[in-house]
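Counting in the working numbering, the sequence shown runs from 10 upward without gaps. Contents: one structure, followed by commentary.
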Amino acid sequence: MAKRKSALASLDFKRVDPLGLGEGQAVTTGAAIAATYHIESMLPDPDQPRALLPESLAEQVNNGQIAPMDAILEWERLAAMAGPDSPEAHLLEKVKELAEAIAEHGLINPITIRLLNDDDPVEDIEYRIVTGERRWWAHVYLAAKERHIQEGNERQTATQIKATLTPEGARIRAHQLVENWFREDISVVEKAYGLWGLRCEMSGLPFGNYDERDLVNWQDVEALLNIGRRQRRRIVRILELTEEAQAIINGHRLSERSVRPMAMKLVNYPELQIEALNQVISWIATGQGHGEKQVAKLVDTLLAREAAKRGDAVSVEPPLQFQAKKFRSRVRSALKLVSDLDTASWGEAVDAVTVDEDLATELRQLRSVIDQLLPD
């Protein structure tokens, strides 16, 4: 278990104030109040949806096995080895660009942090970063290079960063997803895990696999983030692919559209997932198109080849047959969900229909559709 440092220790080291505000004072930035913190008093959140560092290096940083300034230098080395077109080099270049802007103009938008959880594996930090990890890494980069920051007429040390402390009870995953949702460098895999993590958080549960009945409805997540059901479904469907496939998608920052046909049709074919992804990566490397239609044709070709190889063992279903099977599966799932309700849950469902007019309307529409489907 991690040991929480005393408040006095925190003041001595973590909040040395280079802005001349006086110990314990803060600067206001709009509605938020920012104080200054030492960059080594915090580390990134290991459950942050967007990953910046190479995976092996990120794990060492998150577990406190390597100091941040040593990590940024190691990141430089790995990026140089991987080449200028690699994800490692691309993400590091973004950090360096931001670092140059901060060095010249100062940090305009403070990062947000939270107090360390009691079960955090790292003992010698006080905070985890909620939003602004890239801004923090920019500070770390400047500090590692012994650079300073020009704040107006003042020359400041890069080892201090402005941050606001997130209040207890705040939805950390929601903050992180909103911060990163439209960034070009967040992958669809990171979005998918972020959505699932937010759903767990909203259900009062740690990140993990749970029965649907233990979790809040996806509609609540969609409403919180103001995203549509179709968009959410397409993103979360990526989690049905194998971990190896997810790693490839994440490492090459493939778009959701370019892997959508795989998530729809190759869930039960792990080897074909990898073959399809390797082909898409090859297309990208040679400057060829890799849009949804082209990938869909590739997926159908792979399935047809698999069917020919195995004979009747694998069949490529005609579209209508596939839709009928999908419809049958969902009807059975809905029936099972209702059948498994205990007395208390059934009562809650009845109450929900009573007070939720939208739900009642949808049920009436469903009844009407069922009446049309079933013969007299």
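For every residue, glycine included, the Cβ atom is placed at its ideal position computed from N, Cα and C. Remember, predicted model here, so these are calculated numbers, not experimental data.
Continuous alpha helix (DSSP H) stretch holding residue i: start and end
i: Gln159; result: Premise fails: Gln159 lies in the beta strand (DSSP E), 157-160, not in any alpha helix (DSSP H).
i: Leu286; result: 279-294
i: Lys154; result: That residue, Lys154, is in no alpha helix (DSSP H); it is neither H nor E in DSSP.
i: Val268; result: 265-274
i: Glu252; result: 252-260
Under the three-state DSSP convention, the category residue i falls into
i: Pro77; result: helix
i: His299; result: coil
i: Tyr136; result: strand
i: Ile379; result: helix
i: Asp385; result: Model confidence at Asp385 stands at a pLDDT of 48, short of 50, so the residue's coordinates are unreliable; what they give is reported in the following sentence. Asp385: coil per DSSP, three-state reduction.
i: Gln374; result: helix
i: Val225; result: coil
i: Tyr219; result: coil
i: Ile244; result: helix
i: Ile236; result: coil
i: Ile72; result: The amino acid occupying residue 72 in the given sequence is Asn; Ile does not appear at that position. Correct three-state label for Asn72: coil.
i: Gly203; result: helix
i: His148; result: helix
i: Leu368; result: helix
i: Ser348; result: helix
i: Ser342; result: helix
i: Gly213; result: coil
i: Ser354; result: helix
i: Arg208; result: helix
For residue i: DSSP bridge partner residues
i: Lys171; result: Thr45
i: Pro53; result: Ile138
N-terminal and C-terminal residue of the beta strand (DSSP E) that residue i is part of
i: Arg164; result: 163-166
i: Pro63; result: Segment: none, Pro63 is in no beta strand (DSSP E) and carries neither H nor E.
| query | At which residue ranges does the stretch 81-141 contain complete alpha helix (DSSP H) runs of 4 or more residues, listed in the order of the chain? | reply | 96-114
| said: So, does the stretch 278-298 touch the stretch 307-317, judging by three or more C-beta pairs under 8 Å? | reply: yes
| said: So, does the stretch 62-77 touch the stretch 222-237, judging by three or more C-beta pairs under 8 Å? | reply: no
| said: Can you confirm whether the stretch 102-122 touches the stretch 138-153 when touching is taken to mean that 3 or more C-beta pairs between the two stretches lie within less than 8 Å? | reply: yes
| request: Kindly confirm or deny that the stretch 76-87 and the stretch 45-53 touch, where touching means at least three C-beta pairs closer than 8 Å. | output: yes
| task | Determine contact between the stretch 123-142 and the stretch 94-107, defined as no fewer than three beta-carbon pairs at a distance below 8 Å. | result | no
| query | Do the stretch 235-255 and the stretch 199-209 make contact, defined as three or more Cβ pairs closer than 8 Å? | reply | yes
| message | Taking 8 Å as the cut-off, does the stretch 296-308 touch the stretch 253-267 (at least 3 CB pairs, one atom from each stretch)? | response | yes
| message | Does the structure place the stretch 147-159 close enough to the stretch 100-111 that three or more beta carbon pairs sit under 8 Å? | response | yes
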